[in-house]
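Numbering (the working numbering), first residue to last: 33 to 401.
Structure below.
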């Protein structure tokens, strides 16, 4: 008989009727794979897009029911054959991205050069777009051993579970290469934007203008290093404010961290200086028009930045870079976790994440054990 675990499973319908706490098949540690007992799992905005129906079309019915949650940390409990360097009891953070090599396929050109975030068959733990690998909304998850990183004693399980978000910022800064003395705008102050502010400051960027939807997000942006904050709920016009703060010239770089149905790419182009860069981190649904004439006449470079893999020189994993920054005390993750719930409180947790304005929630986590 197969072993089971307790998990909050989603059947593909709309929240909350589509979810329930039940017994779910426990993952197995095959060759090269490791099973961890989850300790902390972040609720990501992408999870909410699936549950609320805005991104349901991305999930094949064959991958349902699914256990979401890709921001995870935990304890190694089972090690499969051909695994070295990990033993039961190790505290680890799980990088969710798995490409051709990890899944036992013939490596695609992107995987061969270490850019597995661009793999056409990219599979993420807790994101059932290509394949169902149970995530942190359940007691246990399985990872390829190359996707687990030992967590030092000075880093909490909760802080470690946000390394996925921090690595996104590390990758974006590596792609765009901001310079000391630049004026940079971060559009959107969810946890991705807040971690990005910290990465920019570590890169030597001292002038960071944060554009936040809500006042509580702006407060945290200021605490984490933003030199100026613009709060949209107070009626601010982000483009006009940025142009005013830069004496009508515009920012050297703009990092778009909103996505969805917003027009933030166009806003980024409008508030960027001639010859500057707009970097897209947000995930958008469908097509979004931009004014190409403005973009061309200003010679604005438009870059995209998806997930993470290796640094630009190919020498270091960006997830490991994120862990090094966190363990050195150069990044604050403890302040970002504002709400914690047990797995049996899953509905309260998701409600807190969905109604983030009323709850002043930044990162909501399910905490196991």
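Think of the CB as a built atom: it goes at the ideal place given N, C-alpha and C, for glycine as much as any other residue. Note that the structure is predicted; figures quoted are calculated from it, not measured.
*Proximity of residue 240 and residue 222 at Cβ, strictly below 8 Å*: The residue you call residue 240 lines up with position 208 of the chain shown. The residue you call residue 222 lines up with position 190 of the chain shown. Against a cut-off of 8 Å, the Cβ pair of residue 222 and residue 240 comes out as no contact.
*Taking the runs of the alpha helix (DSSP H) that are 4 residues or longer, which of them lie wholly in the region 236-287?*
As far as the region 236-287 is concerned, its whole alpha helix (DSSP H) runs of at least 4 residues are 247-255, 270-277.
_Burial state of residue 102, where buried means 16 or more other Cβ atoms lie within 10 Å_ = Position 70 of the chain shown, counting from 1, holds the residue named residue 102. Residue 102 comes out buried.
*In chain order, each beta strand (DSSP E) run of at least 3 residues that lies wholly inside the region 162-224*: Runs of the beta strand (DSSP E) lying entirely within the region 162-224 and spanning at least 3 residues, in chain order: 172-176, 180-182, 215-219.
_Alpha-carbon spacing of residue 274 relative to residue 298, whole angstroms_ = Here residue 274 refers to the residue found at position 242 when the chain shown is read from its first residue. Here residue 298 refers to the residue found at position 266 when the chain shown is read from its first residue. Rounded to the nearest angstrom, the two C-alpha atoms are 14 Å apart.
*Going by beta carbon distance, what residues of the same chain come within less than 6 Å of residue 236, once the five residues before and after it are set aside?*
By one-based count along the chain shown, residue 236 stands at place 204. The residues 212, in chain order, have a CB closer than 6 Å to that of residue 236 in the same chain once the five nearest residues on each side in sequence are set aside.
*Count the other CB atoms within 10 Å of the CB of residue 248; is the residue buried (16 or more) or exposed (fewer)?*
On the chain shown, position 216 is the one that residue 248 refers to. Taking every protein chain shown into account, the CB of residue 248 has 16 or more other CB atoms within 10 angstroms, so this residue is buried.
*Identify whether residue 370 lies in helix, strand or coil by the three-state DSSP scheme.*
To locate residue 370, count along the chain shown from 1; it is residue 338. Look at residue 370 here: in three-state DSSP terms it is strand.
*Could you tell me whether the region 65-75 touches the region 190-197, where touching means 3 or more Cβ pairs closer than 8 Å?*
Flag = yes, the region 65-75 and the region 190-197 touch.
*Under three-state DSSP, which class holds residue 107?*
By 1-based counting over the chain shown, the position of residue 107 is 75. Correct three-state label for residue 107: strand.
*Express the C-alpha separation of residue 330 and residue 209 in angstroms, rounding to a whole number.*
Position 177 of the chain shown, counted from the start, is the residue given in the question as residue 209. Position 298 of the chain shown, counted from the start, is the residue given in the question as residue 330. Rounded to the nearest angstrom, the two C-alpha atoms are 19 Å apart.
*Measure the Cβ-Cβ separation of residue 99 and residue 39 and say whether it is below 8 Å.*
Along the chain shown, one-based indexing puts residue 99 at 67. Along the chain shown, one-based indexing puts residue 39 at 7. Less than 8 Å divides the Cβ of residue 99 from the Cβ of residue 39.
*Check residue 402 in the structure and name its three-state DSSP category.*
A question about residue 402 goes unanswered here, because the residues of the chain that appear run from 33 up to 401.
*Whole-Å CB distance - residue 313 paired with residue 287, under 8 Å assumed*: Here residue 313 refers to the residue found at position 281 when the chain shown is read from its first residue. Here residue 287 refers to the residue found at position 255 when the chain shown is read from its first residue. That belief holds up - the Cβ atoms of residue 313 and residue 287 are roughly 6 Å apart, short of 8 Å.
_Residues near residue 373 by beta carbon distance below 8 Å, same chain, minus five either side_ = Stepping through the chain shown from its first residue, residue 373 is reached at position 341. If you ignore the 5 residues before and after residue 373, its C-beta comes within less than 8 Å of the C-beta of 380, 381, 384, 396, 397, 398, 399, all in its own chain and listed in chain order.
*Which stretch, first to last residue, makes up the beta strand (DSSP E) that contains residue 333?*
Locating residue 333 in the chain shown gives position 301, where the first residue counts as 1. Where residue 333 is concerned, the enclosing beta strand (DSSP E) stretches over 333-336.
*When you compare only the Cα positions, how much space is there between residue 122 and residue 186?*
Mapped onto the chain shown, residue 122 falls at position 90. Mapped onto the chain shown, residue 186 falls at position 154. CA-to-CA, the gap between residue 122 and residue 186 works out to about 14 Å.
*Contact check, residue 198 vs residue 334, beta carbons under 8 Å*: Within the chain shown, residue 198 is the residue found at index 166, counting from 1. Within the chain shown, residue 334 is the residue found at index 302, counting from 1. Not in contact: residue 198 and residue 334 (Cβ atoms no closer than 8 Å).
*Nearest to residue 308 (by Cα), restricted to the options 283, 48, 163*: On the chain shown, residue 308 is found 276 positions in, with the first residue counted as 1. The shortest C-alpha separation from residue 308 is found at 283.
_Going by C-alpha to C-alpha distance, which of 129, 178, 232 sits closest to residue 114?_
Here residue 114 corresponds to residue number 82 of the chain shown, with the count starting at 1. Looking at the Cα atoms, 178 is the closest of the given residues.
*asked:* I'd like the list of long-range same chain contacts for residue 161, defined as Cβ closer than 6 Å, with 5 residues on each side in sequence excluded.
replied: Numbered from 1 along the chain shown, position 129 holds the residue referred to as residue 161. Annotation for residue 161: 90 place their beta carbon closer than 6 Å to its own, counting only its chain and skipping 5 residues before and after.
*Answer yes or no: do residue 205 and residue 232 have a C-beta to C-beta separation smaller than 8 Å?*
As a working mapping, residue 205 is identified with position 173 in the chain shown. As a working mapping, residue 232 is identified with position 200 in the chain shown. Taking the C-beta atoms as reference points, residue 232 is found nearer than 8 Å to residue 205.
*Taking the CB atoms as reference points, tell me whether residue 156 and residue 128 lie closer together than 8 Å.*
For the purposes of this step, residue 156 is identified with residue 124 of the chain shown, where counting begins at 1. For the purposes of this step, residue 128 is identified with residue 96 of the chain shown, where counting begins at 1. Contact flag set, yes.
*Excluding the five sequence neighbours on either side, which residues of its own chain have a C-beta within less than 6 Å of the C-beta of residue 55, listed in chain order?*
Your numbering for residue 55 matches position 23 in the chain shown. The beta carbon of residue 55 lies closer than 6 Å to those of 36 in the same chain, with the five residues before and after it left out.
*Note the first and the last residue of the continuous beta strand (DSSP E) segment covering residue 141.*
For this step, residue 141 is matched to residue 109 along the chain shown. In the DSSP assignment, residue 141 falls outside any beta strand (DSSP E) and lies within the alpha helix (DSSP H) extending over 141-144.
*Could you tell me the distance, in whole angstroms, from the CA atom of residue 345 to the CA atom of residue 143?*
Position 313 of the chain shown, counting from 1, holds the residue named residue 345. Position 111 of the chain shown, counting from 1, holds the residue named residue 143. For the pair residue 345 and residue 143, the Cα-to-Cα distance works out to about 15 Å.
*Within 8 Å, strictly: CB atoms of residue 340 and residue 130*: For the purposes of this step, residue 340 is taken as the residue at position 308 of the chain shown. For the purposes of this step, residue 130 is taken as the residue at position 98 of the chain shown. In this structure, residue 340 lies away from residue 130, with their beta-carbon atoms at least 8 Å apart.
*Let me know the secondary structure DSSP gives residue 68 once reduced to three states.*
For the purposes of this step, residue 68 is taken as the residue at position 36 of the chain shown. DSSP, read as helix, strand or coil, puts residue 68 in strand.
*asked:* How far does the alpha helix (DSSP H) with residue 389 in it extend, from its first residue to its last?
replied: Here residue 389 refers to the residue found at position 357 when the chain shown is read from its first residue. From DSSP, the alpha helix (DSSP H) with residue 389 extends over 388-391.
*Go ahead and pull the three-state DSSP assignment for residue 304.*
Numbered from its first residue, the chain shown carries residue 304 at position 272. Looking at residue 304 - three-state DSSP - the assignment turns out to be strand.
*Can you pull the DSSP bridge partners for residue 55?*
Position 23 of the chain shown, counted from the first residue, corresponds to residue 55. Paired residue(s): 38.
_Using C-beta distances below 7 Å, list every residue in its chain close to residue 343, excluding the 5 sequence neighbours before and after it, in chain order._
Sequence index remark: in the chain shown, residue 343 carries index 311 (1-based). For residue 343, where only same-chain residues beyond five positions count, the Cβ hits under 7 Å are 206, 350, 353.
*Give every residue of the same chain whose Cβ lies closer than 8 Å to the Cβ of residue 82, excluding the five residues on either side of it in the sequence, and list them in chain order.*
Locating residue 82 in the chain shown gives position 50, counting from the first residue. 42, 88, 90, 91, 100.
*asked:* Can you find the residues in the same chain that come closer than 7 Å, C-beta to C-beta, to residue 322, ignoring five residues on each side of it along the sequence?
replied: Taking the chain shown and counting its residues from 1, one reaches residue 322 at position 290. Cβ neighbours of residue 322 beyond the five flanking positions: 297, 298, 301.
*Closest residue to residue 393 among 369, 327, 272, 376 (Cα-Cα distance)*: Here residue 393 refers to the residue found at position 361 when the chain shown is read from its first residue. The closest CA to that of residue 393, considering only 369, 327, 272, 376, is found on 369.
_Looking only at its chain, what residues have a beta carbon closer than 7 Å to the beta carbon of residue 59, apart from the 5 residues adjacent to it on each side?_
For this step, residue 59 is matched to residue 27 along the chain shown. Within the same chain, residue 59 has close Cβ partners 67, 166, 172, 173, 174.
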